[in-house]
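Residue numbers (the numbering used here): 1 to 170.
Virtual Cβ for every residue (Gly too), placed ideally from N, Cα, C.
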Ligand SMILES: Cc1cc2nc3c(=O)[nH]c(=O)nc-3n(C[C@H](O)[C@H](O)[C@H](O)COP(=O)(O)O)c2cc1C
């Protein structure tokens with residue numbers, strides 16, 4: 001699968017088959033995170049692989065009851081380990097860095113026939129307590145991962161003419 005095919009075929013998947021994710025595939029997805037770029041190559045991140053059924057159910061509860069999270073064979077919890085670093089442009093490095101790594105993992109998962117869904121709606125304090133994440137570390141996203149048990153259709157997107165302008169902001 002070439003990159004654009006993965007980008008265009010990827011969907012947010014919210015139903016997963018009760019099939020385990022092979023170690024080899026999981027490793028390749030995690031490798032995609034490891035190889036992704038970060039500001040000044042600092043790599044201030046940690047990705048927690050959650051497979052324990054009870055823990056996944058509790059993560060689903062921390063995500064306002066999005067129960068499909070508990071049904072996924074794997075939940076990846078993506079954390080920024082240095083939340084103080086602000087880039088010269090004013091953006092916190094960790095949200096950008098960890099988000100890029102998540103995007104790379106999502107595309108790699110798609111290439112391997114696996115589905116994911118970015119989860120941004122969760123109570124961070126509950127997730128941190130559950131997974132024993134230190135106070136200074138921030139949870140950026142959770143990614144349930146598994147073989148899709150649904151084939152969502154493409155969601156609409158704005159046209160290029162609405163989001164691109166040339167030479168100056170219009
Ligand atoms: C930052 C972010 C947070 C999101 N949070 C959630 C979430 O908590 N629960 C959920 O079901 N989907 C979540 N999504 C998925 C979006 O709803 C989805 O990407 C969007 O509707 C477009 O659909 P598509 O991914 O299938 O193209 C999130 C996506 C992003 C990028």
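Please go through the same chain and pick out, in chain order, the residues whose beta-carbon is closer than 7 angstroms to the beta-carbon of residue i, but skip the five residues on each side of it.
i: residue 81; result: 44, 45, 46, 137
i: residue 101; result: 33, 36, 45, 78
Among the options, which residue has its Cα nearest to the Cα of residue i?
i: residue 128; options: 101, 167, 62; result: 62
i: residue 7; options: 106, 93, 123, 49; result: 106
i: residue 5; options: 111, 155, 54; result: 111
i: residue 27; options: 49, 18, 12; result: 49
i: residue 60; options: 91, 38, 121; result: 121
i: residue 157; options: 147, 11, 2; result: 11
i: residue 53; options: 152, 68, 125, 25; result: 68
i: residue 9; options: 169, 148, 170; result: 148
Any residue whose CB is nearer than 6 angstroms to a heavy atom belonging to ligand 1, listed in chain order: 11, 12, 14, 66, 117, 118, 119, 120, 121, 152, 155
Every unbroken alpha helix (DSSP H) within the region 48 to 104, with a cutoff of 4 residues, ordered by chain: 53 to 62, 68 to 71
contact_flag[the region 57 to 72, the region 139 to 152] where n(CB pairs < 8 angstroms) is 3 or more: yes
Ordered list of beta strand (DSSP E) runs contained in the region 5 to 49, each at least 3 residues: none
At least three beta-carbon pairs within less than 8 angstroms, the region 25 to 45 to the region 152 to 163: no
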